[in-house]
Amino acid sequence: MSVTFATQRGPMRAVEGVDLTVNPGEIVGIVGESGSGKSVSMMAAMGLIAPPARVTADIMRFGDIDLLAIDRRQRRRLVGKEMAMIFQEPTASLNPCFTIGWQIGETLKLHERLGRRARRDRVIELLRQVGIPAPETRLGAYPHQLSGGMNQRVMIAMAIACNPSLLIADEPTTALDVTIQRQILELLVGLQRDRTMGLVLITHDMSVIAETAHRVQVMYAGQVVEQAQADRLFEAPRHPYTGALLAALPEQATGRRLATIPGIVPGIADRPTGCLFNPRCGRTTPICIQEQPLLTGASGQTARCYHPLDGRAS
Amino acid sequence: MSLLEARALRLQYRIGSQVFGGRTVTAVDGVSFTLEPGMTLAVVGESGCGKSSLARLACLLETPTEGELLIDGAPTIGTSGKGLLSLRRTVQMVFQNPYGSLNPRKTIGSILGEPLAIHGIGSKAERIGAARAMLDKVGLRQDQVDRYPHMFSGGQRQRIAIARALMLRPRLVIADEPVSALDVSVQAQILNLMMDLQDEFGLAYLFISHDLAVVRHIAASILVMYLGRVVEQGPVASIFNRPRHPYTKSLLQSMPSAHRSGSATRLRGEPPSPLAPPSGCAFHTRCPIATELCAKSRPELRSFGDALVACHFAEA
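Chains as they are written, first to last, in this note's numbering: chain A, 66 to 379; chain B, 289 to 604.
Have a look at this one:
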C-alpha cells in the first residue's frame, strides 16, 4: 500500500509499499518516530484518507471483503462496526458538546438495531467493561468533566461498541501518565484477548511495544524497515535503525552519555536516494546511497538493509 | 552553601468567584529540599501533583503562600524591582513545548538576544554576537541566527529554548518536561546536550519529568510528589533500588520497559482531585496496603537511611 499526497511541489509519497497482515487475536505493533508514516498508513487502511491524497494498493482486504472495490456506503457500514480506531488525544477526539452516553449511543444507533432502552443498557455495560466506576451516573457526563484516562476509556468503549474484529489504536497512551498508561494498555490487551480481536498498536515508544505486541513493524520515512516477532526484534534487531532506537532508550544507557542517532528523520520532500536511513547510519557504504535495499531475511525477521546487524547487538 | 533551598513551601491558588467566597486549592504543600550547585534534582509525579507549580515557585514566577525559598542562602520572598531582576539572572527556565515557547515572529537572534536586552547587557551587535556563540554551544550553526522558529524541527527548537535560557549565564535552570514532546532519538540528543552544558557551565538543574527512565539517567536526587506533597525524596540510587513508599513502588512498576517484565502490580484508580484531597494520607484511596490509620492521620516525612518517606508503614 502507498499513500501519495498531491502538493504544490508535485506528488509526495508519505507511505511507500507497506505490507501488513493482521490475524484474528493478534497484536501487531507499528513503531516509528514522527513523520515515519505509521499513522497515515493505518488511516488509509480505515479509509480515512481523503482526496487530494491518494491511496493505492495491490491488495487491501478485510476478511473476504475487498476494500478497494467497495463503495463509500458499504465502507461506512464496515468502519466503526467491524473495524474501529482510537486516537492519541482522547479529549480532542470526543465532541465537547454532547454527553459521553450520547456519543457512545450514536455508534450503536448507526450500526445496530436497538431500542432506546436497550441502547442505554448496552452503553452502561460497555462503560463497565472499560472500567469506568458507577457507569449509570457517568452517562450524562461531558468530556470536560472526566480525566484524560477516563476519556480514553470512553473512546475505547465507543470503539468496541459493535464488537469489531479489528481495532487500531494510534498512540492510545501517549498523552497519559505512566500509571494510567499501564491501566489502559492492560485494558486493551484484556479486551483483545477476550474477544480474539486483531489489535494494531501504533506508538513511538519501544517499551510499550515490547510489553504488548506479538509482532512488530518498524517504520522509517514511510517505509517498513524491519519486521519480526517481538521477542526476536528486541533480542537481536537486524536493521541499524531499530538497533539505534533501542540503544537510545535511557534504560539501555551504560555510561553517562546516551546513544543517539545523528540528524533528523527526513521530511517528505527531502528523502535521500538509496536506503532512506543512509545519511544517519554508521554502516553506510556506496551501495546504500545508490540503490534502495529490499526487505530480506529469514525465519520471519526481515530487514531493509545491505549490512544488517547480527547477533545480540542490543 | 546551597544554591537553592526550599523550606516548607506552600502554594495556594484561589479559584472561582472572589466576591462570593470561592475556594482555594493547595497545589504545593510543605515541600522542602536543597539543591547544590552543579547538581540535578528531579521532581516526578502524575499530572496534577504540583510539579509544575513547584517549578513556577522555584523560577520566582509565583510567590509562595507560606514557607521560604532561598537562593545562595538569601531569602527571595519580598524582593522586587532590581533585586528580583538580578535574582532572575541566576534562575532561568526551559519549557516543555518548543513549538509554543518560541515567538514565531522573531528571528532566533532576537529571541536569544531578548534576555540580554531586558537586563540591559551589551549593544545590539554584541547581543547578536553572543547569540551566535550560544548557537554554537547548543549544536546549531551560527548562520542560522537570522532564521525563524518554524524553520527548525522540534529537537532543534528545544536546543534554541535551552540556548535562550543560558544567555544570561544562570547557575540554575528549571526544566519543565524538556524532552517529553520529542522523539526517542532526539530526546537522547537533548539529554546529552543538557549534561554537556551542565559540565561546561556548572549548571544545576531542577528537572521536572514524568519519565522515570530519563530521571534515573540524568538526576542525582529525586523528589516524588503526590497531590502537592512529597511522599519520598532522596538520592536517585537509593530511591530506585529500594523505594519505600507504596506510590514510588507502583510508579517504578508502571514504567514500561524494553526488557519485558513479567507481572507488575498496577495502581488502581486515578489521582484524586486537588480540590477535594482525601483525608489522612492522600494516597490511601489507591494504596494497596492502606489501613484505617491512613485515612485518619497524615504521615509526616521520616528518614530512612539517606531517604525521606511519608508513609506509616515504611520499613527500614
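Glycine is no exception: its CB is placed at the ideal position from the N, C-alpha and C atoms.
Between the CA atoms of residue j and residue i - distance to the nearest angstrom
| i | j | result |
| --- | --- | --- |
| I527 (chain B) | Q521 (chain B) | 7 Å |
| A301 (chain A) | G568 (chain B) | 49 Å |
| I221 (chain A) | L253 (chain A) | 8 Å |
| S67 (chain A) | L143 (chain A) | 21 Å |
| M271 (chain A) | V96 (chain A) | 7 Å |
| K394 (chain B) | D424 (chain B) | 19 Å |
| E91 (chain A) | T261 (chain A) | 8 Å |
| P560 (chain B) | D499 (chain B) | 21 Å |
| E465 (chain B) | V319 (chain B) | 20 Å |
| A413 (chain B) | A318 (chain A) | 42 Å |
| I240 (chain B) | R452 (chain B) | Because chain B spans 289 through 604 in this model, residue 240 (chain B) falls outside it and cannot be assessed. |
| A149 (chain A) | G82 (chain A) | 23 Å |
| V265 (chain A) | S106 (chain A) | 12 Å |
| H533 (chain B) | A463 (chain B) | 25 Å |
| E201 (chain A) | Q384 (chain B) | 38 Å |
| P576 (chain B) | P544 (chain B) | 20 Å |
| A313 (chain A) | P305 (chain A) | 12 Å |
| A363 (chain A) | S99 (chain A) | 29 Å |
| R187 (chain A) | G427 (chain B) | 56 Å |
| E236 (chain A) | G408 (chain B) | 46 Å |
| E190 (chain A) | G166 (chain A) | 11 Å |
| L192 (chain A) | N228 (chain A) | 14 Å |
| G320 (chain A) | A309 (chain A) | 16 Å |
| A378 (chain A) | R556 (chain B) | In this prediction, A378 (chain A) has a pLDDT of 43, which is less than 50 and means its spatial position is unreliable; what the coordinates show is noted afterwards. Taking the straight line joining both Cα atoms gives about 37 Å. |
| R203 (chain A) | T573 (chain B) | 20 Å |
| C582 (chain B) | K339 (chain B) | 24 Å |
Beta-carbon contacts of residue i that lie in its chain and below 8 Å, excluding the five residues immediately before and after
| i | result |
| --- | --- |
| S101 (chain A) | M284, Y285, A286, G287 and V330 |
| R457 (chain B) | R377 and F489 |
| L596 (chain B) | V518, E520, Q521, G522, L589 and R590 |
| A295 (chain A) | G94, I274, A275, A278, H279, R280 and V281 |
| T367 (chain B) | L375 |
For residue j and residue i, believed in contact at Cβ under 8 Å, the rounded distance
| i | j | result |
| --- | --- | --- |
| A294 (chain B) | I496 (chain B) | Actually they are not in contact, since the Cβ atoms of A294 (chain B) and I496 (chain B) sit about 14 Å apart, beyond 8 Å. |
| T367 (chain A) | G94 (chain A) | Contact doesn't hold; Cβ gap of about 15 Å is too wide. |
| A546 (chain B) | L256 (chain A) | Not a contact, Cβ separation roughly 24 Å. |
| T244 (chain A) | A206 (chain A) | The pair is not a contact, with the Cβ atoms about 22 Å apart (cut-off 8 Å). |
| G516 (chain B) | Q477 (chain B) | Actually they do not touch by this definition, with Cβ atoms about 33 Å apart. |
| Q168 (chain A) | M111 (chain A) | Not really, about 19 Å apart at Cβ, beyond 8 Å. |
| S290 (chain B) | E324 (chain B) | 6 Å |
| E350 (chain B) | L299 (chain B) | 6 Å |
| Y371 (chain A) | P358 (chain A) | 5 Å |
| G339 (chain A) | Q355 (chain A) | 5 Å |
| L375 (chain B) | I396 (chain B) | The pair is not a contact, with the Cβ atoms about 27 Å apart (cut-off 8 Å). |
| L372 (chain B) | L348 (chain B) | 7 Å |
| G326 (chain B) | Q486 (chain B) | 7 Å |
Residue of the options minimising C-alpha distance to residue i
| i | options | result |
| --- | --- | --- |
| Q248 (chain A) | A:G332, A:I197 and A:Q282 | A:I197 |
| G213 (chain A) | A:F152, A:V68, A:V265 and A:F342 | A:F152 |
| R297 (chain A) | A:M125, A:L360, A:P315 and A:G365 | A:G365 |
| V467 (chain B) | B:V461, B:L479 and B:L460 | B:L479 |
| A469 (chain B) | B:P386, B:P523 and B:L491 | B:P386 |
| H176 (chain A) | A:Q139, A:L113, A:T202 and A:V195 | A:Q139 |
| R311 (chain B) | B:P523, B:G318 and B:Y301 | B:Y301 |
| T353 (chain B) | B:D317, B:D360 and B:L375 | B:D317 |
| A507 (chain B) | B:H600, B:T328 and B:A449 | B:T328 |
| F592 (chain B) | B:R586, B:E603 and B:A564 | B:E603 |
| V219 (chain A) | A:M148, A:P155 and A:Q355 | A:P155 |
| G328 (chain A) | B:P562, B:V472, B:R574 and B:A501 | B:V472 |
| R137 (chain A) | A:I124, A:A79, A:I114 and A:D123 | A:I114 |
| L605 (chain B) | B:M513, B:F440 and B:A564 | This structure does not reach residue 605 (chain B), given that chain B is present from 289 up to 604, and the question cannot be answered. |
| M108 (chain A) | A:L232, A:T361 and A:P315 | A:L232 |
| Q446 (chain B) | B:K370, B:V474, B:D594 and B:L345 | B:V474 |
| R303 (chain A) | A:R119, A:P373 and A:D335 | A:P373 |
| M77 (chain A) | A:E98, A:A118 and A:K103 | A:A118 |
| P565 (chain B) | B:T322, B:A296 and B:C337 | B:C337 |
| L250 (chain A) | A:T238, A:R258, A:D259 and A:D242 | A:T238 |
| A492 (chain B) | B:G417, B:R415 and B:A346 | B:A346 |
Sequence-distant residues of its chain with Cβ nearer than 6 Å to residue i (five each side left out)
| i | result |
| --- | --- |
| R184 (chain A) | G170 and L173 |
| A608 (chain B) | Residue 608 (chain B) lies beyond the stretch modelled for chain B, which goes from 289 to 604, so this question has no answer here. |
| T307 (chain A) | V283 and E291 |
Sequence-distant residues of its chain with Cβ nearer than 7 Å to residue i (five each side left out)
| i | result |
| --- | --- |
| N88 (chain A) | G263 |
Bridge partner(s) assigned by DSSP for residue i
| i | result |
| --- | --- |
| I510 (chain B) | B:A330 and B:G522 |
| D131 (chain A) | A:R126 |
| V289 (chain A) | A:M284 |
| R78 (chain A) | A:T69 |
| R590 (chain B) | B:V597 |
| S497 (chain B) | B:V332 |
Chain-ordered neighbours of residue i on chain C, where CB pairs are closer than 8 Å
| i | result |
| --- | --- |
| G214 (chain A) | This model lacks chain C altogether, as its protein chains are A and B. |
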